[in-house]
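Student: First the structure, which I've put down as structure tokens, then a few questions once you've had a look.
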Amino acid sequence: MSVQFSGWEVVDDGACFPDRGVYTMYHGTTVANARLIIANGFQQSTKGMLGNGVYVSRDRKKAERYPLNINAADRVVLKLHVRVGRVKRIDKDNHPMQYTWSTQGYDTAWVPPNCGMKAVPSGLEEDCVFDPSRITVVDINIYIPPACREPLLAPAVLVA
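Here it is as structure tokens:
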């Protein structure tokens with residue numbers, strides 16, 4: 002949808018956060034870290050492409066990839082409710098607020114899907130929430146790789 006505003010054409014691509022409400026998001030972690038998160042809450046990561054914060058995604062497939070370089074059997078995906086607050090869109094490499102958004106009054110940094118950032122080769126959306134108290138764990142999902150999932154879903158063969 003596009004509208005005219007002060008002589009400019011404004012285009013809504015449908016990929017932005019429609020409000021500052023609560024969103025269902027996901028966080029991939031290890032079984033051990035999931036226990037700590039559930040017991041003590043999230044802790045800010047101090048390294049990441051968006052600076053300090055908790056990294057989450059509205060796309061479960063993104064969360065299923067994390068943590069990187071860990072045996073898939075040790076991965077867990079936490080289902081979350083996240084109060085995003087004021088959101089800053091970071092949609093290009095070397096964005097001027099890529100690491101400073103939280104000092105500029107924003108609660109969450111959002112990298113939209115397929116924005117072309119080199120740090121996100123998957124093209125899947127990613128969010129960084131500065132204040133961990135904005136995040137509530139609502140469910141736990143054990144990650145099962147597709148190759149292992151398919152045999153589980155296949156019809157059982159009964160032996161008489």
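Take 2 as the starting number for the sequence shown in this note's numbering and just add one per residue.
Ideal placement from N, C-alpha and C gives every residue a C-beta, glycine not left out.
None of the values given here were measured: they were computed from a predicted structure.
1) By a C-beta neighbour count over all protein chains shown, 10 Å radius and 16 as the cutoff for buried, is residue 109 buried or exposed?
2) What does the alpha-carbon distance come out to for the pair residue 92 and residue 126?
3) Considering only the alpha carbon of each residue, which of 132, 137 and 29 lies closest to residue 72?
4) Enumerate in chain order the residues of its own chain whose CB-to-CB distance from residue 16 is below 6 Å, with the five nearest sequence positions on each side excluded.
5) Using DSSP with H/G/I as helix, E/B as strand and the rest coil, what is residue 90?
6) Exposed or buried, residue 63, counting other C-beta atoms within 10 Å across all chains shown (16 or more means buried)?
Tutor: According to the structure data:
1) Residue 109 comes out buried.
2) Near 10 Å, if we compare the C-alpha coordinates of residue 126 and residue 92.
3) Cα-wise, what sits closest to residue 72 is 29.
4) Unreliable placement is indicated for residue 16, whose pLDDT of 49 sits below 50; no coordinate value is reported for it.
5) Correct three-state label for residue 90: strand.
6) With 16 or more Cβ atoms within 10 Å of its Cβ, residue 63 is classed as buried.
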